[in-house]
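Just below is one structure, and these are the notes that go with it.
Residue numbers (the working numbering): 1002 to 1606.
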């Protein structure tokens, strides 16, 4: 199939932006290692849909029976080429009604959702503007979202991107509204944001589902450990996406509907020649047996299973089966974040995963405190997690400041890795904000970093006259100051630079420069002294700078994530941080810019 010159340019632009973020000038190395669970990142070639509305979207026809629940990622040409994006319907193309009526009633017109604007409002979070992606072509956005390697390094970049992707957004040109929602939800799932992805998908009426949205909707149900979420689309999915997972979904849904005989017949058909002892079949059988009149006794054997995928995690968790801890090491980190969000699991089982999820922006500081509060009041109170809960309670409620501070420091000292150390700063953020500023307190920078990890800026600023000029605490406050007046004195920064170490000094400089906190001459002086090439340019820097100038906040958030495609901060270059902070500031996202800059200095220790 021929690709138009216009479409080729959009595909090439998306690929070049991703490539631009990986050039040595921005500190990135080769293409990041895939962070997705097995089956997530295995492309399966599918015929592209016709350029005009067709009776049905292109069905996925695998050459062999893939693992249930594995969604093919469309094969995207790196620099354009002769093939179009797979599973992308035209503006008018949606799935026709299948042979089975999926609804018991027809929605009145006033209750139907338009595909011109899709997304949801999240309680407590101001949405991004409906035109947050500006005039960017939908095909370019599709390429960027599909090929972004997630999760990304920064907690605060992830928070910004989640809020942008969830917000009610105008559908851009040259992409179907349902497919635009699908790409956003698919990226959210790879970030670990199972609940956010599900909310975006649920904003689309089933009658408007495309093949792509069906595929992502299955992943969303599995990531949420809710196989019942498939029952409204199982018939349709089985008709248009020829994968064993959809056939098994029909069987599970029949069982959940209290039809054991029909469920058994459908299960036998869905096995498709695979052995009955196959764990994917057994998990489906266990789900269908939980329905009314279900009497199936199923024993799962994890021995011999070497990989964890979305199907296995989702169905096991939904049926109360514990996934062996060793299998989590075979999947991407986002599966741990799904675990943190899963209400089917006990608070104690979720605690360690929740701390990791907090470092990725998936779990909030308040959420962590609530989780440990549940543990403190449960039968797990005498466990290791119960000990953390007791120390946390002391950190909040003890009358003596010294005892509260000691409890906070105990929680910090228990963390042994950079990720868990940052997680404990997030966990103690509110408790840290209740410690009065006092010059006699040792390591005030950790209290300041803890407060700022959750955005307690005003309380952190109370330490402004306590910390020494040029100290780490001074740098964090200079970066996090919401009402900063005038430039930073270069002499103060110079003192910090000499004491902080090269890497931390580079990141602090990049953050301050991006926030416009230096005089022009001081910015040039610092760039030369620290070898930070803030003036270097490539396709990515030009794109994010331009998005910032236009005020396209959603595009800035997406391109910021493109520039942070790494599991660790060690691979994020100061130059990339500078452009991210500067673009966010230009786009009116100064709060995010400040928190990202603070996070960089905090996590570079």
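Even for Gly, the Cβ is constructed at its ideal location relative to N, Cα and C. Here the structure is a predicted model, which is why all the values come from computation and not from measurement.
Taking C-beta to C-beta, are residue 1170 and residue 1229 nearer than 8 Å?
Not a contact, by the Cβ cut-off of 8 Å.
Have a look at 1349, 1418 and 1398 and flag the residue whose alpha-carbon is nearest the alpha-carbon of residue 1388.
Of the listed residues, the one whose Cα sits closest to residue 1388 is 1349.
Could you give the distance in angstroms between the alpha-carbon of residue 1310 and the alpha-carbon of residue 1592?
Between residue 1310 and residue 1592, the C-alpha separation is close to 37 Å.
Select from 1464, 1446 and 1537 the residue whose C-alpha is nearest the C-alpha of residue 1438.
Nearest of 1464, 1446 and 1537 to residue 1438, Cα basis: 1464.
In this structure, does DSSP put residue 1602 in helix, strand or coil?
It is helical.
Is it true that the region 1340-1357 meets the region 1206-1218, where meeting means three or more beta-carbon pairs spaced less than 8 Å apart?
No, they do not touch.
DSSP has residue 1171 in a bridge; who is on the other side?
In DSSP, residue 1171 forms a bridge with 1118.
With burial defined as no fewer than 16 other Cβ atoms inside 10 Å of the residue's Cβ, what is the status of residue 1122: buried or exposed?
Exposed, because fewer than 16 other Cβ atoms sit within 10 Å of the Cβ of residue 1122.
Here's the rule: buried if 16 or more other CB atoms are within 10 angstroms of the residue's CB, otherwise exposed. What is residue 1264?
Flag for residue 1264 reads buried.
Within a Cβ cutoff of 7 Å, which residues of the same chain sit near residue 1252, ignoring the five residues on either side of it in sequence?
The residues are 1264, 1267, 1268, 1271, 1285 and 1289.
So the alpha helix (DSSP H) residue 1148 belongs to, where does it begin and stop?
Its alpha helix (DSSP H) spans residues 1139-1148.
Let me know if residue 1300 comes out buried or exposed under the rule of 16 or more other beta-carbons within 10 Å of its beta-carbon.
Looking at its Cβ environment, which holds fewer than 16 other Cβ atoms inside 10 Å, residue 1300 is exposed.
Between the alpha carbons of residue 1260 and residue 1250, how many angstroms are there, rounded?
Between residue 1260 and residue 1250, the C-alpha separation is close to 14 Å.
Go ahead and pull the three-state DSSP assignment for residue 1541.
Note: residue 1541 maps to helix in three-state DSSP.
Within this structure, are the beta carbons of residue 1333 and residue 1156 separated by less than 8 Å?
Not in contact: residue 1333 and residue 1156 (Cβ atoms no closer than 8 Å).
My assumption, with CB atoms under 8 Å, is that residue 1545 sits in contact with residue 1515. Please give the rounded CB distance.
About 11 Å; that fails the 8 Å criterion.
DSSP state of residue 1287, grouped into three classes?
Correct three-state label for residue 1287: helix.
Roughly how many whole angstroms lie between the Cα atoms of residue 1087 and residue 1143?
For residue 1087, the predicted structure reports a pLDDT of 25, less than 50, and the residue's modelled location is therefore unreliable. A value from the coordinates is still provided. About 11 Å.
State the DSSP-derived secondary structure class of residue 1458, mapped to helix, strand or coil.
Note: residue 1458 maps to helix in three-state DSSP.
Assuming residue 1225 is part of the alpha helix (DSSP H), what are its boundary residues?
Premise fails: residue 1225 is in no alpha helix (DSSP H) and is neither H nor E.
Is it right to say residue 1402 is buried, meaning 16 or more other beta carbons lie within 10 angstroms of its own, or is it exposed?
Residue 1402 comes out exposed.
Would you kindly report the start and end of the unbroken alpha helix (DSSP H) that includes residue 1203?
Looking at the DSSP string, the run of the alpha helix (DSSP H) that includes residue 1203 is 1195-1203.
Quick check: what's the CA-CA separation for residue 1096 versus residue 1330?
Low per-residue confidence applies at residue 1096: pLDDT is 33, beneath 50, and the placement is therefore not dependable, though the value from the model is reported in the following sentence. Straight-line Cα distance between these residues: approximately 38 Å.
If you follow the alpha helix (DSSP H) that residue 1491 is part of, which residue opens it and which one closes it?
Per DSSP, residue 1491 belongs to the alpha helix (DSSP H) from 1491-1501.
Starting from the Cα of residue 1425, find the closest Cα among 1455, 1499 and 1529 and give me that residue.
Per the Cα distances, 1455.
For residue 1113, count neighbouring C-beta atoms within 10 Å of its own C-beta (all shown protein chains included) and say buried if the count is 16 or more, exposed if not.
So residue 1113 counts as exposed.
According to the neighbour-count rule (16 or more other Cβ atoms, all chains shown, within 10 Å of its Cβ), is residue 1460 buried or exposed?
Classification for residue 1460: buried.
So, under 8 Å CB-CB, residue 1505 and residue 1352 are touching, yes? Tell me the CB distance rounded to an integer number of Å.
With 8 Å as the limit, residue 1505 and residue 1352 do not qualify as a contact, their Cβ atoms being about 30 Å apart.
Rank 1576, 1549, 1414 and 1587 by C-alpha distance to the C-alpha of residue 1531 and give the top, closest one.
Among 1576, 1549, 1414 and 1587, the Cα nearest to that of residue 1531 belongs to 1576.
Rounded to the nearest angstrom, what separates residue 1379 and residue 1494 at their Cα positions?
One C-alpha to the other measures close to 49 Å.
Check whether the region 1125-1132 touches the region 1168-1187, taking contact to mean three or more Cβ pairs, one atom from each stretch, closer than 8 Å.
The region 1125-1132 is in contact with the region 1168-1187.
Helix, strand or coil for residue 1306 per DSSP?
DSSP places residue 1306 in coil when its eight states are reduced to three.
Could you check how far apart the C-beta atoms of residue 1469 and residue 1475 are, in whole angstroms? I think they sit under 8 Å.
Going by Cβ atoms, the distance from residue 1469 to residue 1475 rounds to 7 Å, so yes, they are a contact pair.
Which of the three DSSP states, helix, strand or coil, is assigned to residue 1515?
Note: residue 1515 maps to helix in three-state DSSP.
Hey, residue 1451 and residue 1429 are a contact pair by Cβ (cut 8 Å); roughly how many whole angstroms apart?
Rounded, the Cβ-Cβ distance is 5 Å, consistent with contact.
Taking residue 1488 as part of the alpha helix (DSSP H), name the residues at either end of that continuous run.
First-last for residue 1488: undefined, no H or E at that position.
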